[in-house]
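Engineer:
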């Protein structure tokens with residue numbers, strides 16, 4: 013139970029950190045765009061490209077972290093489903109249940125024992 017609570021808090025901390033990071037870089041990009049008007053066309057293009065590259069990097073990082081969090085949660089779900097299947101097997105001597113994710117991948121498939 014405590015592990016679940018800690019996992020939820022860590023997940024929320026990651027989400028909040030990502031939200032603040034995205035907000036910070038969006039604000040920074042907006043501020044820099046305003047100051048670009050005093051630069052030459054070439055300098056402005058270079059600076060905008062630099063900020064766009066930074067923004068793209070953080071979008072990719074956000075996506076990577078989201079995937080990592082989802083994979084971690086999926087792995088925990090697989091462990092819990094396997095534990096449930098084994099408890100059913102121990103209590104009843106057989107099991108014919110298949111757990112599957114929404115994308116169709118199998119979590120557990122134990123036939124009659």
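In this note's numbering, the protein residues as written are 13 to 125. Glycine included, C-beta positions come from ideal geometry on N, C-alpha and C. The structure presented is a predicted model; accordingly, all values stated were derived computationally and were not measured.
Would the stretch 19-30 count as touching the stretch 79-91 if we require 3 or more Cβ pairs under 8 Å?
Structural biologist: yes
Engineer: Just the Cα atoms here: how many angstroms apart are residue 14 and residue 57?
Structural biologist: For the purposes of this step, residue 14 is taken as residue 2 along the chain shown, with counting starting at 1. For the purposes of this step, residue 57 is taken as residue 45 along the chain shown, with counting starting at 1. Cα to Cα, the separation comes out at about 52 Å.
Engineer: Does the Cβ-Cβ distance between residue 19 and residue 71 come in under 8 Å?
Structural biologist: Indexing the chain shown from 1 puts residue 19 at position 7. Indexing the chain shown from 1 puts residue 71 at position 59. No, the pair does not count as a contact, with Cβ atoms beyond the cut-off.
Engineer: Note down, one range per segment and in chain order, each beta strand (DSSP E) of at least 3 residues found wholly within the stretch 57-87.
Structural biologist: none
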